[in-house]
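Residue numbers (this note's numbering): 1 to 212. For glycine and all other residues, C-beta sits at the position ideal for the given N, C-alpha and C. Here the structure is a predicted model, which is why all the values come from computation and not from measurement. First up is the structure itself, then whatever we jot down about it.
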Amino acid sequence: MAATIQAKDRSDLRRSQTRRLRKDGYIPAVVYGKGKEPVTVAVEGVELIKNVRDEGRNAVFSLDIEGKNQLNVMLYDYQSDQIKDELIHADFYQVDMSTEVDVEVDINFEGEAQGVKDGGVKQQTLHTIHVRSTPNNIPDEIKIDISELTIGDSITVGDLTSGNGYEFLDEPDTTVITILPPQSADVPEEGEEGGDEEAEPEVINEKSEDEE
Numbered sequence: 001m002a003a004t005i006q007a008k009d010r011s012d013l014r015r016s017q018t019r020r021l022r023k024d025g026y027i028p029a030v031v032y033g034k035g036k037e038p039v040t041v042a043v044e045g046v047e048l049i050k051n052v053r054d055e056g057r058n059a060v061f062s063l064d065i066e067g068k069n070q071l072n073v074m075l076y077d078y079q080s081d082q083i084k085d086e087l088i089h090a091d092f093y094q095v096d097m098s099t100e101v102d103v104e105v106d107i108n109f110e111g112e113a114q115g116v117k118d119g120g121v122k123q124q125t126l127h128t129i130h131v132r133s134t135p136n137n138i139p140d141e142i143k144i145d146i147s148e149l150t151i152g153d154s155i156t157v158g159d160l161t162s163g164n165g166y167e168f169l170d171e172p173d174t175t176v177i178t179i180l181p182p183q184s185a186d187v188p189e190e191g192e193e194g195g196d197e198e199a200e201p202e203v204i205n206e207k208s209e210d211e212e
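In structure tokens, the structure reads:
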């Protein structure tokens with residue numbers, strides 16, 4: 001069952017009303033939907049943050065608009081005040097539970113790679129992956145077991161197995177993680193500075209003989 005977020009109708013778009021809402025702990029928000037007119041609402045900032053933390057960024061919420069009907073929505077975007085560390089605006093997207101959506105899902109690794117135990121270096125090049133799914137089938141995260149990886153091994157998107165009800169959209173050859181060889185600084189031995197003759201340094205703005 002989708003978590004519920006309470007919302008107020010926000011038909012009065014005057015700045016004075018918006019300031020009053022923020023003073024009362026609410027933030028202005030807009031609900032968009034394919035082929036639907038945008039709906040302006042206000043939601044409690046603290047409640048929204050709590051629900052997103054508990055349910056996840058890609059969760060489907062039941063937006064209960066006071067005096068109106070409930071809408072199935074996902075948090076599409078938000079704006080925050082970095083100085084005050086608080087939300088100032090949110091955008092919701094009204095979803096059809098039977099229609100697929102494209103979202104980003106976090107990648108998390110399980111286990112410790114054998115290659116890292118042997119001195120290799122883990123290099124993660126992809127932290128999120130694009131997924132297409134109906135709203136109810138969006139995974140909370142993509143878990144990847146890396147315990148069998150040795151030095152030189154890598155995992156690409158094509159190596160991952162899509163779950164029931166969702167598929168990956170990134171290119172199959174996109175690298176997710178690689179176990180690199182140990183990092184070591186190559187210090188030249190004495191007498192091996194790089195050649196028999198020492199190259200002369202380039203002189204910037206040196207005058208030619210003709211100019212002299």
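- Of the candidates Pro172, Ala29, Lys50 and Thr99, Ala29 places its Cα closest to the Cα of Phe92.
- Shortest Cα-Cα distance from Gln114 to any of Arg132, Asp145 and Val101 involves Asp145.
- Look at Glu55 here: in three-state DSSP terms it is helix.
- The closest CA to that of Ile151, considering only Asn136, Lys122 and Asp102, is found on Lys122.
- Cβ neighbours of Gln6 within its own chain (closer than 8 angstroms, five residues either side excluded): Val43, Glu44, Glu47, Asp64 and Glu66.
- For Ser80, the closest of Ala90, Ile142 and Gly35 by C-alpha to C-alpha distance is Ala90.
- Counting along the chain, Ser16 sits inside the alpha helix (DSSP H) bounded by residues Arg15 to Lys23.
- Met74 counts as buried, since no fewer than 16 other beta carbons sit within 10 angstroms of its beta carbon.
- Excluding the 5 residues flanking it on each side, Tyr76 has same chain C-beta neighbours closer than 8 angstroms at Tyr32, Asp91, Phe92 and Tyr93, in chain order.
- Taking C-beta separations shorter than 7 angstroms and ignoring five residues to either side along the sequence, the partners of Ile27 in its chain run Ala42, Val43, Gly45, Leu87, Ile88, His89 and Ala90, following chain order.
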